[in-house]
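**Student:** Residue numbers (this note's numbering), protein chains in the order written: chain Z, 207 to 475; chain X, 115 to 221.
Heads up, the beta-carbon is just placed ideally off N, CA and C, and yes, glycines get one too.
Written as structure tokens, this is what we have:
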């Protein structure tokens, strides 16, 4: 059966696999352990995988198998964490596979300039992910109490006739909810901008629904930042400060890292 | 303070979000479609959903060290898997008909 080339990530040349890989760690599949393929200037950490398990058709099938994805995707991630401990690495997404070393070489040569540039950009930096959650009840109460538009609306209603007051008061709840979503998004955007100011690069991502988070709170911000390692403390200080400022309003902020720079290691220019 | 080292606390859902590229991997010369990330994370979430139950039997590996213990945990999780299969099927059916309804079904 044919062998394919599984690419973990791209690193600067001149590294030996023994300094990058924990020998205790098993292979992604079978017995083939990873190795470094040098391409002059750049190097790739790769391993051989079988077409049986990682070929196009097999992958389609396996990607429906959650246990398989969980195992292999975690392996991929662990491998990159280990690489990251020893060198600057341009991490690939899970499942980046080439027909042969030759086709990998072709890709690297085509994109050499971009890959070199990206590696340089990533040097001395780390990716941190920040998620902010909002407790809808607490935040609703806050908005109902302190939001200027809600206050104005209430005053407006007070001036109305009894009949209209009744109708408008019934609608007030919906108005508060709308204001709440606006406020939530505004605050999330402020947080994101503030953190972006302390990072080299940033990306705002789609919020997860509750099915994915499994939480009572709503996710209001999902974002990734590329932070200069030396400046990490000031970046984290911002998060600590923001949390203190916003805790009473029902916000919770979570930062995780350092991750391999999955968000900032683009293959395309 | 919820600031965590990624080596200690990565949940499966976090890792999947990061290592899967919006469902499609196009960086290699073999093109592979992987199921929608959101659907996948929901599935995996269901598999590991009974965190409380797992904690009772000391399997809170995703909070301590998911990396070293993920192999062992998967076995334990297989039992949960069966239990949750029914729920998952229901969820998938509802996703197929209307993805926006998921939240309701899950409550």
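Check whether chain X comes within 8 Å of residue 442/Z, counting only Cβ atoms and requiring the distance to be less than that.
**Tutor:** So, interface residue.
**Student:** Could you tell me whether the stretch 384-396 of chain Z touches the stretch 349-359 of chain Z, where touching means 3 or more Cβ pairs closer than 8 Å?
**Tutor:** Yes: the two stretches touch, three or more of their Cβ pairs being nearer than 8 Å.
**Student:** Measure the CB-CB distance between residue 283/Z and residue 127/X and report whether it falls below 8 Å.
**Tutor:** No, the Cβ-Cβ distance between residue 283/Z and residue 127/X is not below 8 Å.
**Student:** Pull up the distance between the alpha-carbon of residue 251/Z and that of residue 223/Z, whole angstroms please.
**Tutor:** In a straight line, the C-alpha of residue 251/Z is about 8 Å away from that of residue 223/Z.
**Student:** So residue 458/Z is in the beta strand (DSSP E); what residue range does that whole segment cover?
**Tutor:** First-last of the beta strand (DSSP E) with residue 458/Z: 457-465.
**Student:** Could you have a look at residue 300/Z and say whether DSSP puts it in helix, strand or coil?
**Tutor:** Residue state, collapsed to three classes: coil.
**Student:** Within the 8 Å Cβ cut-off, does residue 143/X reach chain Z?
**Tutor:** It does; some Cβ of chain Z falls within 8 Å.
**Student:** Taking 8 Å as the CB-CB limit, is residue 204/X close to chain Z?
**Tutor:** It does not: the Cβ of residue 204/X has no partner Cβ on chain Z nearer than 8 Å.
**Student:** Name the DSSP beta bridge partners of residue 209/Z, please?
**Tutor:** Paired residue(s): 256/Z.
**Student:** Mind listing the chain X neighbours of residue 323/Z? Cutoff is C-beta to C-beta under 9 Å, in chain order.
**Tutor:** Chain X residues near residue 323/Z: none, gap ~16 Å exceeds 9 Å.
**Student:** Quick check: residue 134/X and residue 299/Z, are their CB atoms within less than 8 Å of each other?
**Tutor:** Cβ atoms of residue 134/X and residue 299/Z: closer than 8 Å.
**Student:** Using 8 Å as the cut-off, can you tell me whether the stretch 289-304 of chain Z makes contact with the stretch 423-433 of chain Z, which would need three or more C-beta pairs spanning the two stretches below that distance?
**Tutor:** The stretch 289-304 of chain Z, when compared against the stretch 423-433 of chain Z, does not touch it at the 8 Å Cβ threshold.
**Student:** Can you confirm whether residue 157/X, when its beta carbon is compared against all beta carbons of chain Z, has any partner nearer than 8 Å?
**Tutor:** Yes, its Cβ sits closer than 8 Å to a Cβ of chain Z.
**Student:** Does any C-beta atom of chain Z lie closer than 8 Å to the C-beta of residue 152/X?
**Tutor:** For residue 152/X, the answer is yes, since a Cβ of chain Z falls inside 8 Å of its Cβ.
**Student:** Taking a cut of 7 Å between CB atoms, which residues from the stretch 395-423 of chain Z lie near chain X?
**Tutor:** Within the stretch 395-423 of chain Z, the qualifying residues are 415, 416, 417, 418 and 420.
**Student:** According to the Cβ coordinates, are residue 466/Z and residue 333/Z closer than 8 Å?
**Tutor:** Contact flag set, yes.
**Student:** Does the beta-carbon distance from residue 444/Z to residue 400/Z come in below 8 Å?
**Tutor:** Closer than 8 Å, so yes.
**Student:** Buried or exposed, going by whether 16 or more other CB atoms sit within 10 Å of the CB of residue 389/Z?
**Tutor:** Classification for residue 389/Z: buried.
**Student:** So, at 6 Å on beta carbons, what are the nonlocal neighbours of residue 410/Z in its own chain, with the 5 sequence-adjacent residues on each side left out?
**Tutor:** Within the same chain, residue 410/Z has close Cβ partners 398 and 429.
**Student:** What residues in its chain sit with their C-beta under 6 Å from that of residue 309/Z, if we drop five residues either side in the sequence?
**Tutor:** Closer than 6 Å at Cβ, skipping near neighbours: no residue.
**Student:** On a CA-only basis, which of 212/Z, 414/Z, 271/Z and 407/Z is nearest residue 238/Z? Give me that one, please.
**Tutor:** Measuring from the Cα of residue 238/Z, the nearest candidate turns out to be 212/Z.
**Student:** How about residue 470/Z: is its C-beta nearer than 8 Å to some C-beta of chain X?
**Tutor:** Cβ-Cβ to chain X under 8 Å: no for residue 470/Z.
**Student:** Could you give the DSSP three-state label for residue 382/Z: helix, strand or coil?
**Tutor:** Note: residue 382/Z maps to helix in three-state DSSP.
**Student:** Between 215/Z, 437/Z and 413/Z, which has its C-alpha nearest residue 391/Z's C-alpha?
**Tutor:** Residue 413/Z is the option with its Cα nearest to residue 391/Z.
**Student:** Going by DSSP, what residue range makes up the alpha helix (DSSP H) through residue 409/Z?
**Tutor:** Taken as a continuous stretch (DSSP letters only), residue 409/Z belongs to no alpha helix (DSSP H), being part of the beta strand (DSSP E) at 407-410.
**Student:** Hey, how far is the Cα of residue 460/Z from the Cα of residue 340/Z?
**Tutor:** For residue 460/Z and residue 340/Z, the distance between alpha carbons rounds to 11 Å.
**Student:** Kindly indicate which residue of 145/X, 132/X and 117/X has the alpha-carbon position closest to the one of residue 304/Z.
**Tutor:** Ranking the options by Cα distance to residue 304/Z, first place goes to 145/X.
**Student:** Leaving aside the five residues before and after residue 437/Z along the sequence, list all residues of the same chain whose C-beta is less than 7 Å from its C-beta, in chain order.
**Tutor:** Only 404 meet the Cβ criterion.
**Student:** Please list, in chain order, the chain X residues whose beta carbon lies closer than 8 Å to that of residue 318/Z.
**Tutor:** Those do not exist, as residue 318/Z stays about 15 Å from chain X at its closest Cβ, beyond 8 Å.
**Student:** Thinking C-beta only, is residue 442/Z closer than 8 Å to residue 117/X?
**Tutor:** Yes; because the gap between Cβ atoms is below 8 Å, this pair is in contact.
**Student:** Output, in chain order, the set of chain Z residues within a Cβ distance shorter than 7 Å of residue 147/X.
**Tutor:** Per Cβ cutoff of 7 Å: 266.
**Student:** Is the Cβ of residue 438/Z closer than 8 Å to any Cβ of chain X?
**Tutor:** No, because no Cβ of chain X sits closer than 8 Å to the Cβ of residue 438/Z.
**Student:** If distances are taken between C-alpha atoms only, which option among 245/Z, 287/Z, 329/Z and 378/Z comes closest to residue 228/Z?
**Tutor:** Closest option to residue 228/Z, Cα to Cα, is 287/Z.
**Student:** For residue 424/Z, list the residues DSSP reports as bridge partners.
**Tutor:** In DSSP, residue 424/Z forms a bridge with 340/Z.
**Student:** When the Cα atoms are used, what is the spatial distance from residue 328/Z to residue 380/Z?
**Tutor:** Approximately 46 Å between the Cα atoms of the pair.
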